[in-house]
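Residue numbers (our numbering): 200 to 378.
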């Protein structure tokens, strides 16, 4: 398992303090996990990925901007899979590596790619963590009622990939990249 995936799983299991547990903070959750895995802080990471975007890094409404930022940096490795579809999920699983960032968003004036795309222009981001108890999972901070939380109910959870939103972009942070 990658360091990013390990950190995300530890956060969801409440083994690491300081992660946002209120719903609507998916960007802050993902950036905190990546930043801790890369031994930096999420503010620096945020400014590096969204160098010219003026936005509050802790608001989920900017997941779409993060998606565009990672595409601009050349980290996007694939797009548009519905993990609820068994054929597309199989194809997606061949592509995914633990630590990959998964996005589900659309432009505000475009229809969603499927009914399972994040329903607003804010978008959504999660971290693919590989198999947990024999099931491919995504660590996320979400309002959606899905997945499994630990200790007490919060927005942090491990969600089976098949229950996750349509994946509009898969992004992989290069192994030697540092903010």
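We put the beta carbon where it would ideally sit given N, CA and C, even for glycine.
Are the Cβ atoms of residue 219 and residue 375 separated by less than 8 Å?
As a position in the chain shown, residue 219 is number 20, starting the count at 1. As a position in the chain shown, residue 375 is number 176, starting the count at 1. No, they are not a contact pair.
Out of 335, 200 and 201, point me to the one whose CA is closest to residue 283's CA.
As a first step, residue 283 is located in the chain shown; it is residue number 84 there, counting from the start. Answer by Cα proximity: 335.
Within its chain, find whatever has a CB closer than 8 Å to the CB of residue 238; leave out the 5 residues flanking it on each side and keep chain order.
In the chain shown, counting from the first residue as 1, residue 238 sits at position 39. So the list is empty, once near-sequence residues are dropped.
Start and end of the beta strand (DSSP E) containing residue 359?
Mapped onto the chain shown, residue 359 falls at position 160. Taken as a continuous stretch (DSSP letters only), the beta strand (DSSP E) holding residue 359 covers 355-359.
Quickly, what does DSSP pair residue 277 with across the bridge? List them, please.
If you number the chain shown from 1, residue 277 lands on position 78. 369.
Please report the distance separating the alpha-carbon of residue 222 from that of residue 352.
In the chain shown, the residue the question calls residue 222 occupies position 23. In the chain shown, the residue the question calls residue 352 occupies position 153. When rounded, the distance between both Cα atoms is 11 Å.
Going by DSSP, what residue range makes up the beta strand (DSSP E) through residue 287?
In the chain shown, the residue the question calls residue 287 occupies position 88. Segment 285-294 is the alpha helix (DSSP H) holding residue 287; no beta strand (DSSP E) there.
Let me know the secondary structure DSSP gives residue 338 once reduced to three states.
The residue you call residue 338 lines up with position 139 of the chain shown. Residue 338 falls in the strand class under three-state DSSP.
What whole-angstrom Cβ distance do residue 242 and residue 372 have, given they're in contact under 8 Å?
In the chain shown, counting from the first residue as 1, residue 242 sits at position 43. In the chain shown, counting from the first residue as 1, residue 372 sits at position 173. Going by Cβ atoms, the distance from residue 242 to residue 372 rounds to 17 Å, so no, they are not a contact pair.
So is residue 235 buried or exposed if we call it buried at 16+ other beta carbons inside 10 Å?
For the purposes of this step, residue 235 is taken as residue 36 along the chain shown, with counting starting at 1. The residue in question, residue 235, is buried, as its Cβ has 16 or more Cβ neighbours within 10 Å.
Which same chain residues end up closer than 7 Å to residue 265 when comparing Cβ atoms and leaving out the 5 residues on each side of it in sequence?
Mapped onto the chain shown, residue 265 falls at position 66. Cβ within range, chain order: 226, 248, 249 and 324.
Could you check the C-alpha separation between residue 366 and residue 271 for me, to the nearest Å?
Here the question's residue 366 lines up with position 167 in the chain shown. Here the question's residue 271 lines up with position 72 in the chain shown. Each residue's Cα considered, the two are about 18 Å apart.
Measuring CA to CA, which of 281, 357 and 322 is closest to residue 263?
As a first step, residue 263 must be located in the chain shown, where it is residue number 64. Measuring from the Cα of residue 263, the nearest candidate turns out to be 322.
Give the single residue among 204, 295, 216 and 302 whose Cα lies nearest to the Cα of residue 350.
Here residue 350 refers to the residue found at position 151 when the chain shown is read from its first residue. Minimum Cα distance to residue 350 is reached at 216.
Name the DSSP beta bridge partners of residue 327, please?
Translated into positions along the chain shown, residue 327 becomes position 128. In DSSP, residue 327 forms a bridge with 337.
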